[in-house]
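Below is one structure; the comments refer to it alone.
2 protein chains.
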Amino acid sequence: MYVTISHGNAQPFAPSKLAARKTPLKTLKKGAYLYFEGDDVTHLFIIETGVVRLTRVLEDGRRQVIAFGYPGDIIGFPAQDTHHTDCDALCDTKLCSIPRKVLEDSSADPDLHSVLIQAALQEISAMQDHFMMLGRKSAPEKVASFLTVLLERIGDTSVEPQVLALPMSRSDIADFLGLTTETVCRCLTALRKAEIIRIDGISKVAVLDQSALAQRADGQLN
Amino acid sequence: MYVTISHGNAQPFAPSKLAARKTPLKTLKKGAYLYFEGDDVTHLFIIETGVVRLTRVLEDGRRQVIAFGYPGDIIGFPAQDTHHTDCDALCDTKLCSIPRKVLEDSSADPDLHSVLIQAALQEISAMQDHFMMLGRKSAPEKVASFLTVLLERIGDTSVEPQVLALPMSRSDIADFLGLTTETVCRCLTALRKAEIIRIDGISKVAVLDQSALAQRADGQLN
DNA sequence: CGCTCTATTGAACCGCATCAACGAACGTGG
DNA sequence: CCACGTTCGTTGATGCGGTTCAATAGAGCG
Numbered sequence: 008m009y010v011t012i013s014h015g016n017a018q019p020f021a022p023s024k025l026a027a028r029k030t031p032l033k034t035l036k037k038g039a040y041l042y043f044e045g046d047d048v049t050h051l052f053i054i055e056t057g058v059v060r061l062t063r064v065l066e067d068g069r070r071q072v073i074a075f076g077y078p079g080d081i082i083g084f085p086a087q088d089t090h091h092t093d094c095d096a097l098c099d100t101k102l103c104s105i106p107r108k109v110l111e112d113s114s115a116d117p118d119l120h121s122v123l124i125q126a127a128l129q130e131i132s133a134m135q136d137h138f139m140m141l142g143r144k145s146a147p148e149k150v151a152s153f154l155t156v157l158l159e160r161i162g163d164t165s166v167e168p169q170v171l172a173l174p175m176s177r178s179d180i181a182d183f184l185g186l187t188t189e190t191v192c193r194c195l196t197a198l199r200k201a202e203i204i205r206i207d208g209i210s211k212v213a214v215l216d217q218s219a220l221a222q223r224a225d226g227q228l229n
Numbered sequence: 008m009y010v011t012i013s014h015g016n017a018q019p020f021a022p023s024k025l026a027a028r029k030t031p032l033k034t035l036k037k038g039a040y041l042y043f044e045g046d047d048v049t050h051l052f053i054i055e056t057g058v059v060r061l062t063r064v065l066e067d068g069r070r071q072v073i074a075f076g077y078p079g080d081i082i083g084f085p086a087q088d089t090h091h092t093d094c095d096a097l098c099d100t101k102l103c104s105i106p107r108k109v110l111e112d113s114s115a116d117p118d119l120h121s122v123l124i125q126a127a128l129q130e131i132s133a134m135q136d137h138f139m140m141l142g143r144k145s146a147p148e149k150v151a152s153f154l155t156v157l158l159e160r161i162g163d164t165s166v167e168p169q170v171l172a173l174p175m176s177r178s179d180i181a182d183f184l185g186l187t188t189e190t191v192c193r194c195l196t197a198l199r200k201a202e203i204i205r206i207d208g209i210s211k212v213a214v215l216d217q218s219a220l221a222q223r224a225d226g227q228l229n
């Protein structure tokens, strides 16, 4: 599942199930591209480790980050045979590649086919949540939502306070939320000053008060 | 395909193919609901005639129109067994219902199964386009984009100028684009004053200059 | 015909973008 | 290893686009 403002009861797809099939494992260095907008879709990919970024740009340079892909996420669903986003790695990343025909021809590998369909449906649902965030939430709500979703998705519940790694830059977050880097910074600073988060260097955030964060994500205060 | 800012080479799915199967035809009066958020998903639906509206609301009443469904569109894709939007009819509407299991069990009806998967993939692609619009376009660009997409989707190319029916209210358009009704009005008025459109009553717009409209949709001039 | 709801237009405000300056982190070459 | 340059992050000041509030006009319906 992609990083969006979903309500959390989704599970990543067991990598083991795929590892057992010995699907080819692909490695992507930080900054390397997996595909570009317009490329033919030959494979789908399941992320094993690392984080990727899916982006789309307008001619005038405006950019939208469509999604961040985390381990367990399936990326590269085709429409009309070509990729409609660019995809690159935010850190070193390993992926399993799955021939596209598995998605479209259920007889090739019925179990995997069914997993892919479930992933696509999850994706639609998650994107619907993201619409609400992009269209109807304020900047502070967006940033709080982003951290909340990330926490649900990759938070480590065994430690307190929970620490989030942010492999993406501030401008990636901004382009994901429809904001500017300055606004993202200011919203993070506000959360820090309210002692809801602690900022441990550029790419690490500790969540000190998860329920306060969740409240701000839904606009229940400020 | 849903009404989003896609780049137009998608085709609706031939209703004939389904009519031939004599799938049950359901009728929905204007204003009637097809399902609510939280309902169990038992069927998917293909729209034969009419227009439906998919919406989601926050507790505080903020609303996002996720999509408008036009003839040929397939709606009701499940994630985790329940609907995540409300769906109601903007005018009298007829739909074919398809048992959900056709989507998930390819053996029941392989051809239809494959049609549904293609529809879901289209949907993902169209939603990605919509992200760019919600996150990165100005109000005038959003309104121009909306009209442009509607024109590609349902425009009647046999008449000149092309006339668009708008069965949805201004606030539906606003909630689809992440704006207010006032802003939608002002943007429409601006297009009218620029003689790009003509407003023929509340629910009809004639597009006088399609290329000027397309340019504004991409921000190439005011 | 009158009531209600939606659309339109105007005026004022505000949230976020923009512009600008500074600081921190990082990589490179000496 | 340090000096330097470059990129990224943070903070402040200002402006503007779109919201909010308010009033009027128009459409739909009993």
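Residue numbers (my numbering), protein chains in the order written: chain A, 8 to 229; chain B, 8 to 229. Just so you know, even glycine gets a beta-carbon here, dropped at the ideal spot from N, CA and C. Here the structure is a predicted model, which is why all the values come from computation and not from measurement.
In this structure, the CA atom of residue 35 (chain A) is about 16 angstroms from the CA atom of residue 105 (chain A). Here the alpha carbons of residue 202 (chain B) and residue 155 (chain A) stand approximately 46 angstroms from one another. Here the alpha carbons of residue 49 (chain A) and residue 120 (chain A) stand approximately 15 angstroms from one another. Between residue 91 (chain B) and residue 132 (chain A), the C-beta spacing is below 8 angstroms. Counting only the Cα atoms, residue 77 (chain A) lies some 22 angstroms from residue 109 (chain A).
Within the stretch 34-72 of chain A, complete beta strand (DSSP E) segments of at least 3 residues are found at 40-42, 50-56 and 59-64, given in chain order. From the beta-carbon of residue 223 (chain B), no residue of chain A is found nearer than 7 angstroms; the closest lies around 13 angstroms away. Burial of residue 138 (chain A) is indicated by the presence of at least 16 other C-beta atoms within 10 angstroms of its C-beta.
Going by beta carbons, residue 102 (chain B) and residue 183 (chain B) fall outside the 8 angstroms limit. The closest CA to that of residue 214 (chain A), considering only A:170, A:186, A:181 and A:95, is found on A:170.
Per the coordinates, the alpha-carbon of residue 134 (chain A) lies some 23 angstroms from the alpha-carbon of residue 46 (chain A). Around the CB of residue 38 (chain A), fewer than 16 other CB atoms lie within 10 Å, so the residue is classed as exposed. Closest in C-alpha terms to residue 172 (chain A), from the list A:158, A:185, A:179 and A:178, comes A:158. For residue 170 (chain B), the three-state secondary structure derived from DSSP is strand. According to DSSP, residue pairing for residue 105 (chain A) in a beta bridge involves A:51.
Residue 225 (chain A) is a Cβ neighbour of residue 66 (chain B), given a cutoff of 8 angstroms. Taking a C-beta cut-off of 9 angstroms against chain A, the contacting residues of the stretch 66-97 of chain B are 66, 67, 69, 70, 71, 72, 73, 74, 84, 85, 86, 87, 91 and 92, listed in chain order. Using a C-beta cut-off of 8 angstroms, the stretch 57-65 of chain A makes contact with the stretch 82-98 of chain A, since at least three inter-stretch Cβ pairs fall below that distance. Annotation: the continuous beta strand (DSSP E) that includes residue 206 (chain A) extends over 204-206. Around the beta carbon of residue 149 (chain A), a 10 Å sphere encloses 16 or more other beta carbons of the protein chains shown; the residue is thus reported as buried. A straight line joining the alpha-carbon of residue 72 (chain A) with that of residue 211 (chain A) spans about 20 angstroms. For residue 175 (chain A), the closest Cβ of chain B is not nearer than 8 angstroms.
Counting only Cβ-Cβ distances below 7 angstroms, residue 142 (chain A) has contacts in chain B at 71, 141 and 185, in chain order. Contacts between residue 127 (chain B) and chain A, judged by CB atoms closer than 9 angstroms, involve 84, 124, 127, 128, 130 and 131 in chain order. The Cβ neighbour count for residue 115 (chain B), taken over all protein chains shown within 10 Å, is under 16; the residue is labelled exposed. Taking the Cβ atoms as the reference, residue 180 (chain A) lies roughly 5 angstroms from residue 191 (chain A), within the contact range of under 8 angstroms. The Cβ atoms of residue 57 (chain A) and residue 100 (chain A) lie closer than 8 angstroms to each other. Membership of residue 211 (chain B) in the beta strand (DSSP E) is indicated by the continuous run 211-214. Look at the stretch 131-191 of chain B and you find these whole runs of beta strand (DSSP E), each 3 residues long or longer: 169-172. By the Cβ neighbour-count rule, residue 144 (chain A) is buried, with 16 or more other Cβ atoms within 10 Å of its own.
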